[in-house]
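J.: Please read through the structure below; I'll follow up with questions.
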Amino acid sequence: YKAKPGGAVTLINCNPEKGGHVLRALAQRIPEQQVVAVRGAYGEQVDYDGLDNVEVLAQVPGEEMAERVYGRTRVLL
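Here the working numbering is used: the first residue of the sequence shown is 120, the next is one more, and so on.
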(Lines of atoms letter the chains of each structure in order from A and count residues from 1; the text may use other names and numbers.)
(Lines give C-alpha, C1' and ligand atoms only; values in the text may rest on other atoms or scores of the structure.)
Protein backbone atom coordinates (compact mmCIF):
# COMPACT_ATOMS: atom_id res chain seq x y z
CA TYR A 1 0.00 0.00 0.00
CA LYS A 2 1.22 3.47 -0.81
CA ALA A 3 -0.03 6.12 1.59
CA LYS A 4 1.28 9.36 3.04
CA PRO A 5 1.65 8.67 6.77
CA GLY A 6 -0.53 10.25 9.41
CA GLY A 7 0.24 10.60 13.10
CA ALA A 8 -1.43 7.62 14.77
CA VAL A 9 -0.06 4.54 16.45
CA THR A 10 -2.01 1.63 14.95
CA LEU A 11 -2.56 -2.07 15.62
CA ILE A 12 -4.45 -4.32 13.24
CA ASN A 13 -6.22 -7.32 14.81
CA CYS A 14 -6.18 -6.24 18.45
CA ASN A 15 -5.93 -9.62 20.10
CA PRO A 16 -3.65 -10.24 23.10
CA GLU A 17 -1.20 -12.34 21.07
CA LYS A 18 -0.55 -9.48 18.63
CA GLY A 19 -0.10 -6.90 21.37
CA GLY A 20 -3.58 -5.58 22.03
CA HIS A 21 -2.71 -5.05 25.70
CA VAL A 22 0.48 -3.22 24.72
CA LEU A 23 -1.56 -0.80 22.60
CA ARG A 24 -3.97 -0.26 25.50
CA ALA A 25 -1.10 0.45 27.91
CA LEU A 26 0.48 2.88 25.44
CA ALA A 27 -2.82 4.73 24.98
CA GLN A 28 -3.23 5.01 28.76
CA ARG A 29 0.32 6.28 29.30
CA ILE A 30 0.31 8.79 26.42
CA PRO A 31 -3.22 10.23 26.31
CA GLU A 32 -2.22 12.93 23.82
CA GLN A 33 -1.23 10.28 21.24
CA GLN A 34 -3.85 9.37 18.63
CA VAL A 35 -4.33 5.58 18.50
CA VAL A 36 -6.18 3.47 15.93
CA ALA A 37 -7.26 -0.06 16.88
CA VAL A 38 -8.52 -2.18 13.98
CA ARG A 39 -10.59 -5.17 15.08
CA GLY A 40 -9.70 -8.54 13.65
CA ALA A 41 -12.00 -11.19 12.27
CA TYR A 42 -11.06 -13.88 14.78
CA GLY A 43 -10.04 -14.42 18.39
CA GLU A 44 -10.50 -12.34 21.51
CA GLN A 45 -10.11 -8.61 20.87
CA VAL A 46 -8.80 -6.26 23.57
CA ASP A 47 -11.29 -3.66 24.85
CA TYR A 48 -10.41 0.04 24.60
CA ASP A 49 -13.49 1.50 26.32
CA GLY A 50 -12.81 4.62 28.36
CA LEU A 51 -9.79 5.72 26.32
CA ASP A 52 -10.66 8.94 24.50
CA ASN A 53 -7.53 8.85 22.33
CA VAL A 54 -8.36 5.43 20.82
CA GLU A 55 -10.52 5.07 17.73
CA VAL A 56 -11.69 1.49 17.26
CA LEU A 57 -12.48 0.44 13.71
CA ALA A 58 -14.39 -2.67 12.74
CA GLN A 59 -12.61 -5.06 10.40
CA VAL A 60 -11.53 -3.07 7.32
CA PRO A 61 -11.60 -4.61 3.81
CA GLY A 62 -8.18 -4.81 2.16
CA GLU A 63 -9.06 -2.35 -0.60
CA GLU A 64 -9.88 0.30 2.05
CA MET A 65 -6.78 -0.18 4.23
CA ALA A 66 -4.58 2.42 2.50
CA GLU A 67 -7.03 5.27 3.02
CA ARG A 68 -8.79 4.28 6.26
CA VAL A 69 -5.82 2.87 8.17
CA TYR A 70 -2.32 3.27 6.69
CA GLY A 71 -2.92 6.87 5.62
CA ARG A 72 -3.56 7.78 9.26
CA THR A 73 -0.67 5.75 10.71
CA ARG A 74 2.84 6.86 11.72
CA VAL A 75 3.74 3.73 13.73
CA LEU A 76 2.28 0.30 12.97
CA LEU A 77 2.61 -2.20 15.80
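By construction, the Cβ of each residue, glycine as well, lies at the ideal position given by its N, Cα and C atoms.
Keep in mind that this is a model prediction, so the values were computed, not measured.
Determine, using beta-carbon pairs with one atom in the stretch 178 to 194 and one in the stretch 162 to 169, whether at least three such pairs fall under 8 Å.
T.: Verdict: no, contact absent.
J.: Out of curiosity, what's the CA-to-CA distance linking Gly-125 and Arg-193?
T.: Each residue's Cα considered, the two are about 5 Å apart.
J.: Is the beta carbon of Val-154 sitting closer than 7 Å to the one on Val-175?
T.: Not in contact: Val-154 and Val-175 (Cβ atoms no closer than 7 Å).
J.: Could you pull the start and end residues of the beta strand (DSSP E) that Val-165 belongs to?
T.: Counting along the chain, Val-165 falls outside any beta strand (DSSP E), and DSSP gives it neither H nor E.
J.: Does the Cβ of Ala-146 have 16 or more other Cβ atoms within 10 Å, making it buried, or fewer, making it exposed?
T.: The residue in question, Ala-146, is buried, as its Cβ has 16 or more Cβ neighbours within 10 Å.
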